[in-house]
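Novice: Quick note on our numbering: the sequence shown kicks off at 16 and runs consecutively.
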Amino acid sequence: MSYKNFPMVPRVIFGRGSFNQLTEILSPKRLNINAPFIFLVDDVFKNNSWLTSRIPLSYDDKIMFISSKEEPKTSQVDELVEGIILNTKDRPSGIIGIGGGTILDLAKAVSIMLTNDGETKNYQGWDLVKNPAIYHVGIPTISGTGAEVSRTTVLTGPEKKLGINSDFTPFDQVILDSELTKNIPTQQWFFTGMDCFIHCIESLNGTYLNTFSQTYGEMALELCKDIFLKDNLSDVEAQEKLMMASWHGGMSIVYSQVGVAHAMSYGLSYLLGTKHGIGNCIVFDHLEEFYPEGVALFKTMKKKHNIILPQGICADLSDKEFDIMINIALSLEPLWENAIGKKWKKIMTPKKLKELYQKM
Ligand code: NAD
Ligand code: ZN
16 MSYKNFPMVP RVIFGRGSFN QLTEILSPKR LNINAPFIFL VDDVFKNNSW LTSRIPLSYD
76 DKIMFISSKE EPKTSQVDEL VEGIILNTKD RPSGIIGIGG GTILDLAKAV SIMLTNDGET
136 KNYQGWDLVK NPAIYHVGIP TISGTGAEVS RTTVLTGPEK KLGINSDFTP FDQVILDSEL
196 TKNIPTQQWF FTGMDCFIHC IESLNGTYLN TFSQTYGEMA LELCKDIFLK DNLSDVEAQE
256 KLMMASWHGG MSIVYSQVGV AHAMSYGLSY LLGTKHGIGN CIVFDHLEEF YPEGVALFKT
316 MKKKHNIILP QGICADLSDK EFDIMINIAL SLEPLWENAI GKKWKKIMTP KKLKELYQKM
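Okay, here's the thing in C-alpha cells:
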C-alpha cells in the first residue's frame, strides 16, 4: 500500500478585515520592479471602491476584471496568459485571484500556464504539470467550493471538463476575510454554500473515506447544518462559519473524492453551461437513492430558504445530447468508484444515467 503525499496551502490568514494586510503579504514577494502582481478580480467588484481601493498597486501592477458568468475555459486561460506575457516586461511576481470558485480557478490555472509550455487543455488531468507555478494567492469572496484549498482547478476544454490536478495547483497563500462575502444575493449564497454541503455528503458516504477525510467532512457538515438549518447565528458568524466549512469541505475531498452529484453536474455544465453550484443542486435534488439522508436535509434547507430550482432543463434534449452528457459524466471514473464502489459500472449504466437526467 502506497499512500498519496499531498501538498497543502502553506500560508493562510483568517480574520474579518484581514484583506487590509494584502500589502504586507505581497511586498516581500515582489521579484523586481518589472515583475508585476496581476490581480484577477471578479467584475462584480468593478465599481466597488470599498474593495478595489484596498488593492495595492505599484510599478506595473495590474487589475484585470473578469466576468464569472461562465465557468473558466482552457481557451480563456490561454488568452489571459498570452496577454500577460505580451504586456509585462518580466514574468509576473504573482497572480492574485479575488472572487469565487471561477476566479480562484482562473488564478491557479494562469499561474501554472505562465511557467508551462503549450496549451492549457494539455494539462487537464492528473499530475501532468512539469514546472512549479508562479506565486499565487487566493482571496475568496463567496464561500463553498473549497477552491481556495484544493489541489485542482476545474476547466472546461474542447473535449472535457476536467481539472488540472497537480502538486503545483494549490495556492501559496490564502486570505480568508469573511467581510468580503457580505452582500451576496441569497440564491447564489445558497447554491455555492450547497456545493460545500454536497462535498461533505459525497465524501462522507464514499468508499474512499478515511479518517483524514471523515474528520474534516464531519466538521464541515456540522457547520453547514448550523448555517442552513438554524436561526441562531448572526450574519458575521454565519459568514465566518461558511468560510471555514468551505475550507474543511475542501480538505475532506483531498484524500477522498466527490460523487454522483458532481459527476452528473459536470455533464450538465459541459452540455448546457449550467454553473457548478446550481447544477449540483438540480442533480442532488434527485439523488435520494444514493444519498437518502443528505437529500432529505437538502430539501429541508431548500424549503427554509425559499429556493426554487429550475425544472425540465433536460426536457428538450436529443438522444445525441444525452449521450454527450452521459459520456462526460461516466468518464469521471474516480467519482463513481468513490460513490458506488469498484463495481460501479454494473449499477450506473448509460441507461440508468439517462433516466436520472430525464427527471431534471
Ligand atoms: P462563481 O465564482 O462563479 O461566482 C458566482 C457568482 O457570485 C458570480 O456572479 C459572482 O460575480 C458572484 N459573487 C462572487 N462574490 C461575490 C460577492 N462578494 N458579492 C456579490 N456577488 C459575488 O461561483 P462559485 O460557486 O464560487 O464557483 C463556481 C466555480 O468553482 C465553478 O467553475 C466550479 O467548477 C469551480 N469549483 C472549483 C473547485 C476546485 O476545487 N477548484 C471546487 C468546486 C467548484
Ligand atoms: Zn463542487
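The beta carbon of each residue, even a glycine, is placed where N, CA and C say it ideally should be.
Relative to the ligand NAD, is the shortest distance from any of its heavy atoms to the C-beta of Q139 smaller than 8 Å?
Specialist: no
Novice: For T226, report the span of its alpha helix (DSSP H) as first-last.
Specialist: 226 to 244
Novice: Are the CB atoms of G32 and S83 within a distance shorter than 9 Å?
Specialist: Not in contact: S83 and G32 (Cβ atoms no closer than 9 Å).
Novice: Do L257 and S165 come within 9 Å of each other at the CB atom, strictly closer than that value?
Specialist: no
Novice: Using beta-carbon positions only, say whether F54 and D75 come within less than 9 Å of one another.
Specialist: Contact flag unset, no.
Novice: How should G68 be labelled, buried or exposed, when 16 other C-beta atoms within 10 angstroms of its C-beta is the threshold for buried?
Specialist: In the sequence as displayed, the identity of residue 68 is Ser instead of Gly. Exposed, since its Cβ has fewer than 16 Cβ neighbours within 10 Å.
Novice: Tell me, which residues are paired with V27 by DSSP?
Specialist: V189
Novice: Can you tell me which of M316, T117, K104 puts its alpha carbon nearest to the alpha carbon of N47?
Specialist: K104
Novice: Just to confirm my understanding: we take C296, look at its own chain, exclude 5 residues before and 5 after, and list those with CB closer than 7 Å. What are they?
Specialist: F206, M209, L324
Novice: Are at least three pairs of beta-carbons, each pair with one atom in the stretch 85 to 102 and one in the stretch 171 to 181, less than 8 Å apart?
Specialist: yes
Novice: Mapping the DSSP letters down to three states, classify I53 as helix, strand or coil.
Specialist: strand
Novice: Tell me the DSSP secondary structure of T364 in three-state form.
Specialist: coil
Novice: For the alpha helix (DSSP H) containing L177, list its first residue and its last residue.
Specialist: Here L177 belongs to no alpha helix (DSSP H); instead the beta strand (DSSP E) covers 176 to 180.
Novice: In whole angstroms, give me the CA-to-CA distance for Y281 and V275.
Specialist: 10 Å
Novice: Could you tell me which residues DSSP puts in a beta bridge with F80?
Specialist: V56
Novice: Given a cut-off of 9 Å, decide if L371 and M279 are closer than it, judged by their beta-carbon atoms.
Specialist: yes
Novice: By DSSP's criteria, W141 is part of a beta bridge. Which residues make up the other side?
Specialist: N180
Novice: Evaluate G294 with the Cβ neighbour count: other Cβ atoms within 10 Å of its Cβ, from every protein chain shown; 16 or more gives buried, anything less gives exposed.
Specialist: buried
Novice: Please return the same chain residues whose Cβ sits closer than 6 Å to the Cβ of S218, not counting the five positions on each side in sequence.
Specialist: Correct list, in chain order: S228, G232, S267, I268, S271.
Novice: For E39, does the count of other Cβ atoms within 10 angstroms reach 16, so buried, or fall short, so exposed?
Specialist: exposed
Novice: Nearer than 8 Å: is that true of the beta carbon of D210 relative to any heavy atom of the ligand ZN?
Specialist: yes
Novice: If we count the other Cβ atoms within 10 Å of its Cβ and call it buried at 16 or more, is G356 buried or exposed?
Specialist: exposed
Novice: Could you check if I293 belongs to the surroundings of the ligand ZN, using beta carbon to heavy atom distance under 8 Å?
Specialist: No, the ligand ZN has no heavy atom inside 8 Å of this Cβ.
Novice: Use the C-beta contact count for D57: other C-beta atoms within 10 angstroms, 16 or more gives buried, fewer gives exposed.
Specialist: buried
Novice: Are the CB atoms of I127 and V152 nearer to each other than 9 Å?
Specialist: No, Cβ-Cβ distance for I127 and V152 is not below 9 Å.
Novice: What residues in its chain sit with their C-beta under 7 Å from that of M316, if we drop five residues either side in the sequence?
Specialist: Result list for M316: F243, L244, in chain order.
Novice: If you count every other CB in all the chains shown that lies within 10 Å of the CB of A311, and 16 or more means buried, which is it?
Specialist: exposed
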